[in-house]
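Okay, structure first, notes after.
In full-length UniProt numbering, the protein residues as written are 1 to 186.
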């Protein structure tokens, strides 16, 4: 195994651990239909991108390997997972995989939320596209770009609408001071 393989393996285990270590709180009455559909749909899109990328890498079909792609992808993958863990830790008991807000929730401005509105989604995006780069899969890239990315952007719009409805001007002011996903880009 190469160093890239070790990084991917270690951080894949850590990513799976997210579902054990960081349990999402139960949905409340404010949870909407979008909440119940978007997480499993995004999860399936991520899984499809990963499986297609692995199949492409192993078969050599629709692959675009270039020097350093595996290591660069593994590092991006690891950075994405670490960003997710950091963001989840900062959210604390407010962390949820659904789209809902409960009484007592507040807009979080610490950790990665000082710079980004959605660091968990930035981490997910970075991890998925890092994995695609690690496998050097053109097919995985197209699945991620055409399937995963639009779903993620829709989820972001839904979440921002919910937070605006809930926190009003406080959230709008907070959001204007932060990038949505990537500093200086979006």
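The C-beta atom is built at its ideal place from N, Cα and C for all residues, glycine as well. Since the model is a prediction, treat every value here as computed from it, not as a measurement.
Of the listed residues the options, nearest to residue i (C-alpha basis)
| i | options | result |
| --- | --- | --- |
| residue 49 | 98, 125, 103 and 174 | 125 |
| residue 59 | 140, 119, 37 and 39 | 140 |
| residue 171 | 182, 38 and 101 | 101 |
| residue 75 | 157, 86 and 129 | 129 |
| residue 166 | 106, 6 and 80 | 106 |
| residue 44 | 131, 111 and 143 | 143 |
| residue 196 | 61, 55, 52 and 80 | Within the shown structure, residues of the chain are numbered from 1 to 186, placing residue 196 beyond reach of any answer. |
| residue 6 | 185, 53, 131 and 177 | 131 |
Residue i: first and last residue of the uninterrupted alpha helix (DSSP H) it sits in
| i | result |
| --- | --- |
| residue 140 | 138-143 |
| residue 119 | 119-135 |
| residue 116 | No alpha helix (DSSP H) contains residue 116, which DSSP labels as neither H nor E. |
| residue 1 | Looking at the DSSP string, residue 1 is not in any alpha helix (DSSP H), and its letter there is neither H nor E. |
| residue 85 | 69-91 |
| residue 158 | 149-167 |
For residue i: DSSP bridge partner residues
| i | result |
| --- | --- |
| residue 181 | Its beta-bridge partners do not exist; DSSP assigns none. |
| residue 63 | 137 |
Nearest-angstrom beta carbon gap, residue j and residue i [assumed within contact, 8 Å]
| i | j | result |
| --- | --- | --- |
| residue 11 | residue 95 | At roughly 19 Å, the Cβ-Cβ gap does not stay under 8 Å, so residue 11 and residue 95 are not in contact. |
| residue 122 | residue 181 | 5 Å |
| residue 42 | residue 117 | With a Cβ gap of about 17 Å, residue 42 and residue 117 do not count as contacting. |
| residue 3 | residue 71 | 7 Å |
| residue 98 | residue 19 | Not really, about 14 Å apart at Cβ, beyond 8 Å. |
| residue 183 | residue 85 | Not quite, the Cβ-Cβ distance comes to about 19 Å (not below 8 Å), so this is no contact. |
| residue 175 | residue 159 | Going by Cβ atoms, the distance from residue 175 to residue 159 rounds to 11 Å, so no, they are not a contact pair. |
The ligand FAD heavy atom lying under 6 Å from the CB of residue i
| i | result |
| --- | --- |
| residue 50 | No copy of the ligand FAD appears in this structure; indeed no ligand is present at all. |
- So, do the region 134-143 and the region 58-71 have three or more beta carbon pairs nearer to each other than 8 Å? yes
- Cβ contact (3+ pairs, closer than 8 Å) linking the region 148-166 and the region 81-92: no
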